[in-house]
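In terms of my numbering, the sequence shown has 65 at position 16, counting the first letter as 1, and numbering is strictly consecutive.
Cβ coordinates follow ideal geometry from the N, Cα and C atoms, glycine included.
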Amino acid sequence: MTPRPSHPTGENTLLKPRSTLTRELVNLDGLWRFALEDANVREPWTGALVSKLEAPVPSSYNDLFADQQIRDHVGWVWYQRTAWVPRGWSGERVFLRLDAATHEGKVYVNDVLVAHHVGGYTPFEADITEHVTPGADFRLTVGVNNELTRATIPPGTISVSQDGRRQQTYLHDFYNYAGLARSVWLYSKPERHITDVTIVTGIIGRTGVVDYSVEASQETKVRVRVLDATGREVTNAVGSVGTLSIEDVLLWRPGAAYLYDLVVELLDGEDMVDSYTEHFGVRTVEVRGTDFLINGEPFYFTGFGKHEDTAVRGKGHDNAYLVHDFQLLDWVGANSFRTSHYPYAEEVLEFADRHGIVVVDETAAVGLNLGVQGGLTGIGPQPTFSPDTFNHETQAAHAQHLREVIARDKNHPSVVMWSIANEPASNEDGAREFFEPLVKLARQLDPTRPLTYAAVMFATFQNDKIADLFDVLSINRYYGWYVFTGDLKTAEQYLERDMRGWVEAFGKPIMMSEYGADTMPGQHSIWDMPWSEEYQQSFLDMNHRVFDRIDAFIGEHVWNFADFQTSNGIHRVDGNRKGVFTRDRKPKAAAHSLRARWTGLNGAKPTEGQTKAAENTSTDVRAEPALEGAK
Ligand code: BDP
Numbered sequence: 050m051t052p053r054p055s056h057p058t059g060e061n062t063l064l065k066p067r068s069t070l071t072r073e074l075v076n077l078d079g080l081w082r083f084a085l086e087d088a089n090v091r092e093p094w095t096g097a098l099v100s101k102l103e104a105p106v107p108s109s110y111n112d113l114f115a116d117q118q119i120r121d122h123v124g125w126v127w128y129q130r131t132a133w134v135p136r137g138w139s140g141e142r143v144f145l146r147l148d149a150a151t152h153e154g155k156v157y158v159n160d161v162l163v164a165h166h167v168g169g170y171t172p173f174e175a176d177i178t179e180h181v182t183p184g185a186d187f188r189l190t191v192g193v194n195n196e197l198t199r200a201t202i203p204p205g206t207i208s209v210s211q212d213g214r215r216q217q218t219y220l221h222d223f224y225n226y227a228g229l230a231r232s233v234w235l236y237s238k239p240e241r242h243i244t245d246v247t248i249v250t251g252i253i254g255r256t257g258v259v260d261y262s263v264e265a266s267q268e269t270k271v272r273v274r275v276l277d278a279t280g281r282e283v284t285n286a287v288g289s290v291g292t293l294s295i296e297d298v299l300l301w302r303p304g305a306a307y308l309y310d311l312v313v314e315l316l317d318g319e320d321m322v323d324s325y326t327e328h329f330g331v332r333t334v335e336v337r338g339t340d341f342l343i344n345g346e347p348f349y350f351t352g353f354g355k356h357e358d359t360a361v362r363g364k365g366h367d368n369a370y371l372v373h374d375f376q377l378l379d380w381v382g383a384n385s386f387r388t389s390h391y392p393y394a395e396e397v398l399e400f401a402d403r404h405g406i407v408v409v410d411e412t413a414a415v416g417l418n419l420g421v422q423g424g425l426t427g428i429g430p431q432p433t434f435s436p437d438t439f440n441h442e443t444q445a446a447h448a449q450h451l452r453e454v455i456a457r458d459k460n461h462p463s464v465v466m467w468s469i470a471n472e473p474a475s476n477e478d479g480a481r482e483f484f485e486p487l488v489k490l491a492r493q494l495d496p497t498r499p500l501t502y503a504a505v506m507f508a509t510f511q512n513d514k515i516a517d518l519f520d521v522l523s524i525n526r527y528y529g530w531y532v533f534t535g536d537l538k539t540a541e542q543y544l545e546r547d548m549r550g551w552v553e554a555f556g557k558p559i560m561m562s563e564y565g566a567d568t569m570p571g572q573h574s575i576w577d578m579p580w581s582e583e584y585q586q587s588f589l590d591m592n593h594r595v596f597d598r599i600d601a602f603i604g605e606h607v608w609n610f611a612d613f614q615t616s617n618g619i620h621r622v623d624g625n626r627k628g629v630f631t632r633d634r635k636p637k638a639a640a641h642s643l644r645a646r647w648t649g650l651n652g653a654k655p656t657e658g659q660t661k662a663a664e665n666t667s668t669d670v671r672a673e674p675a676l677e678g679a680k
């Protein structure tokens, strides 16, 4: 087995490639030759990949072919194409950038391995200047491995079936789509170039305060200029670190985005050596008491946990779905979403920046929980955190992933909070030792944004060991679905008691980061019947009654925006059906009731007048919840 590097090779920069005055960009998306690895299709790469198959980039490969072996493949697949280096690039440095290779990628330029990266949802690049010639073509071969192990984020386990097939299991329900699901770029940078830009904004009165810092491949004079949305220069400065002021600043606000450009230039005397433009918005984020403030004003999150998931292309980024999904978010009155359960394509965050949608940016640390397999008790056959299960190696992979996510996404105004894990076993011994250093790291990497994690049903306000380390309580709860199925009255009482318990124990803002009910479109009932469209509506209404009674509530993210594909399981019929929209984005009845509620709220906290008083507000609950039916 090839060694697994713990960090990207090449320069440690995750700046998005852009064409500027000094940089050119060639997009390498399209149809590539494709094959599963076997005795003939394997390293070392010294020639053509011989295969009848072609796979589109960007797309997951799993659902493309009418071949079960490809869908179930565990291990390496290989992609290959020819690319040309423009002849005008002589004297420039030439880079390859893969926006993602899920979950491990290896890149060959002709016969040379130029990059090797682990982590399926973050980009990596390689300087290939020494291996290519401007004006000539080269053979580009990319290997992608979909294996999840205890040393990957997300984690998983590989076993071998009786007949010798390798099989992958994992601790999350969404399907383990793999391949080159995001774009691949060839681009040029000057010899001396900008490698990183960091922008942090503040507001004093009517002035926007912009702290910036620039890193370059060699120490060189730096000039920065701020342009407003019309391209007019509003301020400038010299120096690689500094503070700029924008008088009469136009703020980036939820629902009303405004973006400025920071044009960064490297100078040699008066000659411009490199130029890079980063878009930014001026806004602040702060947790104060039990409020989540954006630009000093309380913000109430309405929206969803989403997935990158569509038919045929799996997790392949698609601009048509990007536009349509944001249209539906707007239509339904959502002001935000969580990138459950991995960082999404950069195009998604840029779109959110431009359209004023607020994002909770989540890492790919989903499934750090062996207790979920434990059914009724939530305590698994093995402890989650131990030398034999999730250990220092897992933690190191999580830390590296955090570094890459924050490096990639730190300048997006839409990103207002990091969610560093989904449903970890925060109720188990070892959770604090595992998470405390990660929280510290995240705060070092980004002291400006609040931190959260989404708490699993089994982690209660009484047994959770990490909530005090974070700024916001994000709670995933399925009262009325996985527990008290079909009994919304009892569900309501338990939910309220549960939520009030968190608020009293921690005194922090609280939001529901997941609540949802599987629903078959076209299934109707006059009774509280699970799977019917009416039940999804009543289930959401019940949750909202509770949220509206609790002052510390700062938001509601329904699980899920749309139906999505899962691994096989007897409680899944063609995937997870908790979508408010179907997989092809048709509204279920709940979409209309959410729309009525959310367009009324308009990003503000619900007030008495906006919500109906609940019929039954009693929290006098006698029996402990029977967790039967829990996953
Ligand atoms: C939660 C998970 C989410 C699942 C959801 C469900 O966070 O990824 O899809 O349950 O079962 O536990 O629908």
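Chain-order list of residues whose beta-carbon lies under 6 angstroms from that of residue i (same chain, five-residue window excluded)
i, result
"T51", "Residue placement at T51 is flagged as unreliable, the pLDDT there being 37, under the threshold of 50; a coordinate-derived value is accordingly withheld."
"H242", "S266, D323"
"E314", "R272, M321, S324"
"Y157", "W94, T190"
"T62", "T244, D245"
Range of the contiguous beta strand (DSSP E) that encloses residue i
i, result
"F555", "Note, F555: premise wrong, no beta strand (DSSP E); alpha helix (DSSP H) at 537–555."
"Y224", "Counting along the chain, Y224 falls outside any beta strand (DSSP E), and DSSP gives it neither H nor E."
"R452", "R452 -> not in any beta strand (DSSP E); alpha helix (DSSP H) instead, spanning 441–458."
"T648", "From DSSP, T648 is part of no beta strand (DSSP E) but of the alpha helix (DSSP H) over 638–650."
"E174", "173–176"
"A164", "161–167"
"L293", "290–295"
"V246", "243–253"
"V233", "233–238"
Residue i, DSSP secondary structure in three states
i, result
"V381", "helix"
"E346", "strand"
"P66", "coil"
"S23", "The chain is shown from 50 up to 680; residue 23 falls before or after that span and cannot be answered."
"H620", "coil"
"K514", "coil"
"W133", "strand"
"H373", "helix"
"G11", "Residue coverage of the chain in this structure runs from 50 to 680, which leaves residue 11 outside it and unanswerable."
"G124", "coil"
"I119", "helix"
"A104", "strand"
"Q431", "coil"
"Q217", "strand"
"G420", "helix"
Beta-carbon contacts of residue i that lie in its chain and below 8 angstroms, excluding the five residues immediately before and after
i, result
"W380", "R644"
"F630", "L377, F610, A611, D612, P636, K637, A640"
"S642", "Q586, L589, D590"
Candidates the options, of which the one nearest residue i by Cα
i, options, result
"D78", "L490, A554, H366", "H366"
"K364", "H620, M591, F613, E103", "F613"
"Q129", "G228, H180, W138, R214", "G228"
"K627", "G354, I455, P105", "G354"
"E335", "D437, K459, D520, E411", "D520"
"D458", "F83, T206, T247", "T247"
"F602", "E153, L522, F83", "L522"
"D437", "A491, T269, S468, G479", "G479"
"H373", "N111, R634, T269, W647", "R634"
"G257", "T269, E264, D277, V263", "D277"
Residue i - containing alpha helix (DSSP H), residue span
i, result
"M591", "582–597"
"S562", "Per DSSP, S562 belongs to no alpha helix (DSSP H); it is in the beta strand (DSSP E), 559–563."
"D402", "395–404"
Contact test: residue i Cβ vs the ligand BDP heavy atom, cutoff 7 angstroms
i, result
"K627", "yes"
"D222", "yes"
"H390", "yes"
"E472", "yes"
"N225", "no"
"N617", "no"
"N651", "no"
"G565", "yes"
"N525", "yes"
7 angstroms Cβ shell around residue i - same chain, five flanking residues per side excluded
i, result
"E240", "R142"
"L518", "F484, E485, V488"
"G352", "L378, A383, N384, S385, F386, H606"
"D87", "none"
heavy atom of the ligand MN below 7 angstroms from residue i C-beta
i, result
"W608", "Ligands present in the displayed structure are limited to the ligand BDP, and the ligand MN is not among them."
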